[in-house]
Amino acid sequence: MISFVAFFIIWAERMGWEVPDCHYRACHWLEHRGDLAVLRCFRGFGKSTILAVYNAWRYYQNRQYRILHQSEADGTAYKTSRDTQNVLRNHPLTKGMLPDGQGTVEQWWVNGSLDMRNGSMYAKGILSNVTSARADECQNDDVEVPRNIQTPEAREKLRYRLGEQTHILVPGGRKLFIGTPHTHDSLY
1 MISFVAFFII WAERMGWEVP DCHYRACHWL EHRGDLAVLR CFRGFGKSTI
51 LAVYNAWRYY QNRQYRILHQ SEADGTAYKT SRDTQNVLRN HPLTKGMLPD
101 GQGTVEQWWV NGSLDMRNGS MYAKGILSNV TSARADECQN DDVEVPRNIQ
151 TPEAREKLRY RLGEQTHILV PGGRKLFIGT PHTHDSLY
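So, in structure tokens, the structure goes:
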């Protein structure tokens, strides 16, 4: 097994990317962070792209790993899910890990996953129903956007939905917030 930085570099070379120092630091941080973490980055940083490669690396490390990936809406969450699938299909170290025709962009399993009830990846919008899901990691990728934080009531609803993740995470689970602040009392 290799570090996430090494995994990311292999992918970046395959994609023809020049990797800035801030991406190396973000990759190192993602691998070594604690169980509750916040990655605040400026617009255009490439947060979601790095996160998709990170997700593929997590499955490379452990095929039993389950991720609940939430974004501001279902469609946005599906983008990271699709991007993660693309990395799994095309990264030299993960080819063959994603079976054809099993699951959807919303929920899918890597080869070798034993939990057929909870997908390796479950992607939903933060205001969508995820009751009864179980995950080793809950990711909140740009869940805070102007439309869901404009009023105190909207911010409270968002915080309530985020609180539900406490019941989704298995013991020892991890929670990640990744995004750009939109208000003075931002989640980030």
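First residue of the sequence shown? That's 1 in the numbering used here, and the numbers climb one at a time after it. By construction, the Cβ of each residue, glycine as well, lies at the ideal position given by its N, Cα and C atoms.
Inter-residue CB distance, residue i and residue j (contact presumed, cutoff 8 Å)
{"i": "N118", "j": "R66", "result": "5 Å"}
{"i": "A56", "j": "H91", "result": "6 Å"}
{"i": "V105", "j": "W11", "result": "20 Å between Cβ atoms; not a contact."}
{"i": "F4", "j": "L30", "result": "6 Å"}
{"i": "C138", "j": "L39", "result": "Contact doesn't hold; Cβ gap of about 14 Å is too wide."}
Which of helix, strand or coil DSSP assigns to residue i
{"i": "N111", "result": "coil"}
{"i": "L127", "result": "coil"}
{"i": "D136", "result": "strand"}
{"i": "F177", "result": "strand"}
{"i": "V5", "result": "helix"}
{"i": "V38", "result": "strand"}
{"i": "G172", "result": "strand"}
{"i": "M121", "result": "strand"}
Which listed residue (the options) has its alpha carbon closest to that of residue i
{"i": "F45", "options": "Y78, I9, P20 and A133", "result": "P20"}
{"i": "F177", "options": "C41, E18, G16 and M15", "result": "C41"}
{"i": "Q102", "options": "L93, T80 and G112", "result": "G112"}
{"i": "R159", "options": "A37, L127 and S132", "result": "L127"}
{"i": "M97", "options": "E106, V110 and V105", "result": "V110"}
Nonlocal neighbours in the same chain, by C-beta distance under 7 Å from residue i, ignoring five residues either side
{"i": "Q61", "result": "M1"}
{"i": "R134", "result": "R66, N118, I168 and V170"}
{"i": "T84", "result": "A52, N55, A56 and M121"}
Cβ neighbours of residue i in the same chain (closer than 6 Å, five flanking residues each side left out)
{"i": "R147", "result": "none"}
{"i": "T180", "result": "R43"}
{"i": "N140", "result": "Q70 and F177"}
{"i": "R89", "result": "L98"}
Close Cβ partners of residue i (< 8 Å) along its chain, the five nearest in sequence each way excluded
{"i": "G125", "result": "Q70, S71, E72, A73, D74, G75, T76 and A77"}
{"i": "D35", "result": "G172, G173, R174 and K175"}
{"i": "R63", "result": "M97, V110, N111, G112, S113 and S120"}
Neighbour flag for residue i against chain D, beta carbons, 8 Å
{"i": "Q70", "result": "The displayed structure is made up of one protein chain only, and chain D is not part of it."}
**OP:** Counting only runs of 4+ residues fully inside the region 63-98, write out the alpha helix (DSSP H) ranges in chain order.
**Re:** As for any alpha helix (DSSP H) of minimum length 4 sitting wholly inside the region 63-98, the runs are 74-90, ordered along the chain.
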